[in-house]
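2 protein chains.
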Amino acid sequence: MAEKLTGLKRTHMCGEVSDLDVGHEIVVMGWVQRRRELGKLIFVDLRDRTGILQIVFKSELDSELHSKALQLRNEYVIAVRGVLQIREDINPNLKTGKWEVVAKELRILSKADTPPIHIEDVVDTSEATRLKYRYLDLRRPVMQKNLMLRHRVAKVARDYFDEKGFIEIETPVLIKSTPEGARDYLVPSRVFPGKFFALPQSPQLFKQILMVSGFDRYFQIAKCFRDEDLRADRQPEFTQIDLEMSFVDIPDVLEVCEGFLKRVYGEVLGIDIDIPFPRMTYAEAMERFGSDKPDTRFGMELVNVSDIVKNSAFKVFSGAIENGGSVRAINAKGCGSKFSRKEIDALTDVVKTYGAKGMAWIAVEDGNLRSSFTKFLTDEEIHGILKRVQAEPGDLICFVADSDSIVFDALGHLRLEIAKKLNLLDENKNNFLWVTEFPLLEYDDEEKRWVAKHHPFTSPMDEDIPLLDTDPGKVRAKAYDIVLNGIELGGGSIRIHDQELQKKIFNVIGISDEEAQRRFGFLLEAFRYGTPPHGGLAFGLDRMVMLMAKCDSIRDVIAFPKVQNSSCLMTGAPDFVDEKQLEELHIRTVIPEDEK
Amino acid sequence: MAEKLTGLKRTHMCGEVSDLDVGHEIVVMGWVQRRRELGKLIFVDLRDRTGILQIVFKSELDSELHSKALQLRNEYVIAVRGVLQIREDINPNLKTGKWEVVAKELRILSKADTPPIHIEDVVDTSEATRLKYRYLDLRRPVMQKNLMLRHRVAKVARDYFDEKGFIEIETPVLIKSTPEGARDYLVPSRVFPGKFFALPQSPQLFKQILMVSGFDRYFQIAKCFRDEDLRADRQPEFTQIDLEMSFVDIPDVLEVCEGFLKRVYGEVLGIDIDIPFPRMTYAEAMERFGSDKPDTRFGMELVNVSDIVKNSAFKVFSGAIENGGSVRAINAKGCGSKFSRKEIDALTDVVKTYGAKGMAWIAVEDGNLRSSFTKFLTDEEIHGILKRVQAEPGDLICFVADSDSIVFDALGHLRLEIAKKLNLLDENKNNFLWVTEFPLLEYDDEEKRWVAKHHPFTSPMDEDIPLLDTDPGKVRAKAYDIVLNGIELGGGSIRIHDQELQKKIFNVIGISDEEAQRRFGFLLEAFRYGTPPHGGLAFGLDRMVMLMAKCDSIRDVIAFPKVQNSSCLMTGAPDFVDEKQLEELHIRTVIPEDEK
Chain H
466 MAEKLTGLKR
476 THMCGEVSDL
486 DVGHEIVVMG
496 WVQRRRELGK
506 LIFVDLRDRT
516 GILQIVFKSE
526 LDSELHSKAL
536 QLRNEYVIAV
546 RGVLQIREDI
556 NPNLKTGKWE
566 VVAKELRILS
576 KADTPPIHIE
586 DVVDTSEATR
596 LKYRYLDLRR
606 PVMQKNLMLR
616 HRVAKVARDY
626 FDEKGFIEIE
636 TPVLIKSTPE
646 GARDYLVPSR
656 VFPGKFFALP
666 QSPQLFKQIL
676 MVSGFDRYFQ
686 IAKCFRDEDL
696 RADRQPEFTQ
706 IDLEMSFVDI
716 PDVLEVCEGF
726 LKRVYGEVLG
736 IDIDIPFPRM
746 TYAEAMERFG
756 SDKPDTRFGM
766 ELVNVSDIVK
776 NSAFKVFSGA
786 IENGGSVRAI
796 NAKGCGSKFS
806 RKEIDALTDV
816 VKTYGAKGMA
826 WIAVEDGNLR
836 SSFTKFLTDE
846 EIHGILKRVQ
856 AEPGDLICFV
866 ADSDSIVFDA
876 LGHLRLEIAK
886 KLNLLDENKN
896 NFLWVTEFPL
906 LEYDDEEKRW
916 VAKHHPFTSP
926 MDEDIPLLDT
936 DPGKVRAKAY
946 DIVLNGIELG
956 GGSIRIHDQE
966 LQKKIFNVIG
976 ISDEEAQRRF
986 GFLLEAFRYG
996 TPPHGGLAFG
1006 LDRMVMLMAK
1016 CDSIRDVIAF
1026 PKVQNSSCLM
1036 TGAPDFVDEK
1046 QLEELHIRTV
1056 IPEDEK
Chain C
466 MAEKLTGLKR
476 THMCGEVSDL
486 DVGHEIVVMG
496 WVQRRRELGK
506 LIFVDLRDRT
516 GILQIVFKSE
526 LDSELHSKAL
536 QLRNEYVIAV
546 RGVLQIREDI
556 NPNLKTGKWE
566 VVAKELRILS
576 KADTPPIHIE
586 DVVDTSEATR
596 LKYRYLDLRR
606 PVMQKNLMLR
616 HRVAKVARDY
626 FDEKGFIEIE
636 TPVLIKSTPE
646 GARDYLVPSR
656 VFPGKFFALP
666 QSPQLFKQIL
676 MVSGFDRYFQ
686 IAKCFRDEDL
696 RADRQPEFTQ
706 IDLEMSFVDI
716 PDVLEVCEGF
726 LKRVYGEVLG
736 IDIDIPFPRM
746 TYAEAMERFG
756 SDKPDTRFGM
766 ELVNVSDIVK
776 NSAFKVFSGA
786 IENGGSVRAI
796 NAKGCGSKFS
806 RKEIDALTDV
816 VKTYGAKGMA
826 WIAVEDGNLR
836 SSFTKFLTDE
846 EIHGILKRVQ
856 AEPGDLICFV
866 ADSDSIVFDA
876 LGHLRLEIAK
886 KLNLLDENKN
896 NFLWVTEFPL
906 LEYDDEEKRW
916 VAKHHPFTSP
926 MDEDIPLLDT
936 DPGKVRAKAY
946 DIVLNGIELG
956 GGSIRIHDQE
966 LQKKIFNVIG
976 ISDEEAQRRF
986 GFLLEAFRYG
996 TPPHGGLAFG
1006 LDRMVMLMAK
1016 CDSIRDVIAF
1026 PKVQNSSCLM
1036 TGAPDFVDEK
1046 QLEELHIRTV
1056 IPEDEK
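Listed in order, the protein sequences are those of chains H and C.
In this text, residue positions in the first sequence follow our numbering: the first is 466, and each later residue adds one.
In this text, residue positions in the second sequence follow our numbering: the first is 466, and each later residue adds one.
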């Protein structure tokens, strides 16, 4: 049986000894990182969450103890009492490399089988194995650091918003299903046969209710759920830093959020970020970067050359413009001389991924142009273009001609692809950016109706309200996203607090009074009894921590993440349950024929 | 349409004006609590979450503004710009009763229908109406205070545990069903037909995994879920302050928890509580108070008189003892002369509720005994009893004779009932108490086997381990509950970290190796790779806040609680969902015939 702790109390964490402790007896506990023998000495690296401390067992001092130490294997859990001393061979690479404990007592608290994962920062183990043995994977110092960083970010968020007068209020997890946007996770009710709860996709409706309730400033670090097929950076359950404020307009929300980001970057990472952040309208972001979350760490902006080529004999160009689209270009500085023909063809594949039919290009050489299409253009057109994109010898000019949306999407991604190739994505830059004035509505070609781009409670901009009747696609919303280095960290909006306006919006997006009543009845009812102007925002905590920890995957900043198919490799969830459980919930499973 | 905020920024909350602001222009926003006319003046009490401030509209200053103010009704949302001045008629009952705002501008931000609930602390509205219109109910200052208190308790918990080196780690909400104890809420998987996630009843397994992962000190304010029929103080989703520590034994956990309670009572309520708390074994608690959560604010302890009456001619007494039970009494001081026969009969009903067949009693009068049964006793027996219970004239001695468990339960509750009648439950006392050394196992008469009283990972006390083979019912656990004024605030234990011992426990409670593997396989697997000794505790946050706020129901400290049948009266959850949603989840509902 394992030895007991009885009578022994830990005095120090491994990483927290200091010169003050030298000569004193201390007690440390942790895992055996490794054991080495050197003549009559046994050295053990003892690991806890703060670091590694060397323990030495000397047979000349206590041969019995020395023999016991010989039993130790990697990942054994032990307690050691001994005297701290300065090492003979100081290890400058280790925080605690200056000291060691000369053991006087050893207790083996728990033995360990040989672990299937090395407990080291760099491992070549597959992610599947890491997730199956997550408890071992989480012992790796880098994973411990990630989760401690996450803890710190959440703590600073709570400190900050508390200081700013926000009240953290828990909203329910078992709620009513109000399908819009993503798919709900459902929970069958035992008490009401045939009825279901849903898990919240966000606390949106409840936080608006809390504003109606007069809480003025709400905040919550909230678990949210979406039953969607997972992309690399999505999880079925994810965490938001969610906030809402009353009696505010856009600048008030942005200011509070900027203050938070400055605080959290400063306090957690020691990075001083400048506020206020630049603000850019959605229209400008698309025009200049082809994206509503532009990475502004580098230039290579989109240039519209439609006016120059609108009458061109090159039908790919003039035709696109005739059909209401545009011709735009980016100038990849220096790439004309740098990229091979094969590399340029690969760029063409990139734009095709985003729906473009092809990519035209010009490599500018000294007094010469290498090009896929300039033979179809007039000299005037060519010079107009080169001047517009500020071409210099060595540059590569890439063009896409199509509908605006495809041109933006293709060139926006091409720009990022080229920047990656050129190593322009500086990891040490933190380019925060507000993108504002999103379109309120977008046309759903399948459903043949306007739908809310954000959600149906988003307020239009005051001056655009008349456009709701005449040109809904032009209506801009009081919505904003916070973008960091081209990644969306969060977003929000000012909400509609006027019942008439809310009705009008439902009208425009084709939600009937009955449907609105059925889905959001309680919120609309609440709005009848005095609703303050309000707005808010939600940050994606997983993504924020991922960026702060410089990880590639949110799975590395979540203790027990799910994989692509939404299962948990460690526990085997989801799993079959007893038939009796289903009976009590008044449901029966219907297994598709091909899955039986 | 509602008026806009444009150009107006709130400068003060209603409750936060001071003499420094007198003579200055301020902007306040909030809800109209009430409007009064007094000649050419209109007074409006404006309410926000900080308090109420009087606004005055003077027709002599601005008749147009005065007319506009005439439109105001209760719960209209308005913004007011004006100059703060000292009131002529200072209201000393109001925090802000000294000042008023002379209005220069009024904007009606939102109108309001007549609310179905008065926005006042004391309402005679039914709880059902309050919950249906929760957004109005939550406007009541007392409810706002409750939720702000809850926010503060959670904040202090996070501050405290962070300072003590605990890391808050989010454990998953979509987990594997491991039925034990309460019923799981289930979530059908869309990706894996026929499989289900469960919602966690607690993060127990995950927090133990985190100890195996080396996080050393974990903490989380966690949502937990139990699909049980609700009692008054239960909710389908509830919140725990959950913690776990490595390399500790019982005193380490208790000390950390005592520190937390001292901190939270001090910081939130300004109440200095003494630590360490008294500790009492389960055996002593039952013996003295008939309860494992004794209310120690008053005496009236149980007294065992079995030895005195074991040979009595009164078969009710001697028979109970013969059958292995006991005869115990409580002395309700002064109640013999106070309680009518009818009141005493009501006490008999109380003990019957808890399974006793009846209650024997003696009312001690000056030189005389009024009694239901003393005629069957000898003088020696009577004097023995009176001496044992320290009877004095005026006292009422109540007896129950039955099996120990019924005697404890009946007298334990009787004691509380009498204390309530006598007003002995001092609201201003905070009697914290640790109850320790709970039985590890209890016998399940239905399943005819030993079951874990707490959960199967609870460690037995070292010295009781041999009893597992010989007398399992006698094995005490390293389990502890924290009790406040007779209410369980939380509980926990030191866990088993030794694989051999764990196997033995599974054996004793009849869990086969296969079953253990199927249900807890990942935890048992984890334990193979080096497990530190660990233990922890979970506080019930809802109940803790309820007690701190001196509320009678946890529903008053939860923003959006469910009612008895686990439905939400505000949103109508649970509800029917689209057939398409169920199809995607591979389930079908089975409605019982009588519910169709």
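Here a beta-carbon is modelled for each residue, glycine too, at the ideal position from N, C-alpha and C.
Considering only their Cβ atoms, is the gap separating V900 of chain H from D963 of chain H smaller than 7 Å?
Result no, Cβ atoms of D963 of chain H and V900 of chain H do not sit closer than 7 Å.
In angstroms, rounded to a whole number, what distance separates the CA positions of L905 of chain H and G956 of chain H?
Roughly 14 Å between the two C-alpha positions.
Which residues, taken in chain order from the segment 989 to 1022 of chain H, show a beta carbon closer than 7 Å to some beta carbon of chain C?
For the segment 989 to 1022 of chain H, which is checked against every Cβ of chain C, the residues closer than 7 Å are A991, R993, Y994, G995, T996, P997 and P998.
State yes or no: is the beta carbon of H531 of chain C nearer than 7 Å to at least one beta carbon in chain H?
Under the Cβ distance rule, H531 of chain C does not count among the residues neighbouring chain H, no pair being separated by less than 7 Å.
For Q700 of chain C, name the three-state secondary structure that DSSP assigns.
Assigned with DSSP and collapsed to three states, Q700 of chain C falls in coil, not helix or strand.
Can you tell me whether F838 of chain H is helix, strand or coil according to DSSP?
Coil.
Chain-ordered residues of the segment 542 to 561 of chain C with a beta carbon less than 8 Å from chain H:
Of all residues in the segment 542 to 561 of chain C, the ones placed with a Cβ closer than 8 Å to any Cβ belonging to chain H are V542 and A544, in chain order.
What residues from the segment 611 to 637 of chain C come within 7 Å of chain H, judged by C-beta to C-beta, listed N to C?
Taking 7 Å as the Cβ-Cβ cut-off against chain H, the residues of the segment 611 to 637 of chain C that qualify are L612, M613, H616, A619, K620, R623, D627, I632, E633, I634, E635, T636 and P637.
Burial state of L537 of chain C, where buried means 16 or more other Cβ atoms lie within 10 Å:
A residue is called buried once 16 or more other Cβ atoms fall within 10 Å of its Cβ, and L537 of chain C is buried on that count.
Considering only their Cβ atoms, is the gap separating R853 of chain H from I795 of chain H smaller than 7 Å?
Contact: no.
DSSP three-state call for F742 of chain C: helix, strand or coil?
Of the three classes helix, strand and coil, the one that applies to F742 of chain C here is coil, per DSSP.
Any contact of the segment 911 to 918 of chain H with the segment 773 to 792 of chain H, i.e. 3+ C-beta pairs under 8 Å?
Touching, no, given that fewer than three Cβ pairs across the two stretches are closer than 8 Å.
Taking the straight line between their C-alpha atoms, what separation do you get for L834 of chain H and K803 of chain H?
Put simply, the backbone Cα of L834 of chain H is about 14 Å away from that of K803 of chain H.
Give the straight-line distance between the Cα atoms of R806 of chain C and I582 of chain C, rounded to the nearest whole angstrom.
Rounded to whole angstroms, R806 of chain C to I582 of chain C spans 44 Å at the Cα level.
Buried versus exposed, by CB contacts within 10 Å (16 or more), E525 of chain C
Classification for E525 of chain C: exposed.
Are the segment 689 to 703 of chain C and the segment 990 to 1002 of chain C in contact at 8 Å, needing three or more beta carbon pairs?
In this structure the segment 689 to 703 of chain C does not lie against the segment 990 to 1002 of chain C, because fewer than three pairs of beta carbons, one per stretch, are closer than 8 Å.
Straight-line Cα distance separating K798 of chain H from F850 of chain H:
The sequence as given places Ile at residue 850 of chain H; Phe does not occur at that position. Cα-Cα distance, rounded: 15 Å.
Let me know the secondary structure DSSP gives T1054 of chain H once reduced to three states.
DSSP places T1054 of chain H in strand when its eight states are reduced to three.
Applying a beta-carbon distance threshold of less than 7 Å, which residues of chain C neighbour N972 of chain H?
Result: empty, since nearest Cβ-Cβ is about 15 Å, beyond 7 Å.
Thinking L574 of chain C and A647 of chain C are a contact (beta carbons under 8 Å), I'd like their distance in whole angstroms, please.
Not a contact, Cβ separation roughly 46 Å.
According to DSSP, is N769 of chain H helix, strand or coil?
Note: N769 of chain H maps to strand in three-state DSSP.
Chain H within 7 Å of D772 of chain C, Cβ atoms only:
Under the Cβ criterion of 7 Å, D772 of chain C is not counted among the residues facing chain H.
Check whether chain H comes within 7 Å of L603 of chain C, counting only Cβ atoms and requiring the distance to be less than that.
Yes, L603 of chain C counts as interfacial toward chain H.
Going by the DSSP bridge assignment, what does E570 of chain H pair with across the sheet?
Per DSSP, H:R546.
Taking Cβ-Cβ distances shorter than 9 Å, what residues in chain H pair up with W496 of chain C?
Under a criterion of Cβ atoms nearer than 9 Å, the residues of chain H adjacent to W496 of chain C are, in order, G679, G995 and P997.
Other residues of its chain near K569 of chain H: CB distance less than 6 Å, five sequence neighbours each side excluded:
Answer for K569 of chain H: R546 and G547, listed in chain order.
Taking E846 of chain C and G801 of chain C to be in contact with their CB atoms under 8 Å, please state how far apart those CB atoms are, rounded to whole angstroms.
Incorrect: roughly 19 Å between the Cβ atoms, too far for contact.
Minimum Cβ-Cβ distance from L470 of chain C to chain H less than 7 Å
At least one CB of chain H lies nearer than 7 Å to the CB of L470 of chain C.
So with CB distances below 8 Å, who are the chain H contacts of D1040 of chain C?
D1040 of chain C reaches chain H at K641, S642, K660 and F661, counting residues in chain order whose Cβ is nearer than 8 Å.
Figure out for me which residue from H:E857, H:H999 and H:K886 has the closest Cα to the Cα of S924 of chain H.
Out of H:E857, H:H999 and H:K886, H:H999 has the C-alpha closest to the C-alpha of S924 of chain H.
Chain H contacts from the segment 698 to 728 of chain C (Cβ-Cβ distance under 7 Å):
Legend: CB atoms of the segment 698 to 728 of chain C lying less than 7 Å from CB atoms of chain H belong to residues P701, E702, T704, F712 and D714.
Identify the contact partners of P580 of chain H in chain C, using a Cβ-Cβ distance below 7 Å as the criterion.
Chain order gives the chain C residues near P580 of chain H as Y994, where near means a beta carbon separation below 7 Å.
Is L879 of chain C close to chain H? Criterion is C-beta to C-beta, closer than 7 Å.
In terms of beta-carbon proximity, L879 of chain C stays away from the interface with chain H, with every pair separated by 7 Å or more.
Proximity of N950 of chain C and R762 of chain C at Cβ, strictly below 7 Å:
For the pair N950 of chain C and R762 of chain C, the CB atoms are nearer than the 7 Å cut-off.
Could you say which of H:V815, H:F922 and H:E902 lies nearest to K886 of chain H if we only look at CA atoms?
K886 of chain H has its Cα closest to that of H:V815, out of H:V815, H:F922 and H:E902.
F1041 of chain C and K660 of chain H: beta carbons closer than 7 Å?
Yes, they are a contact pair.
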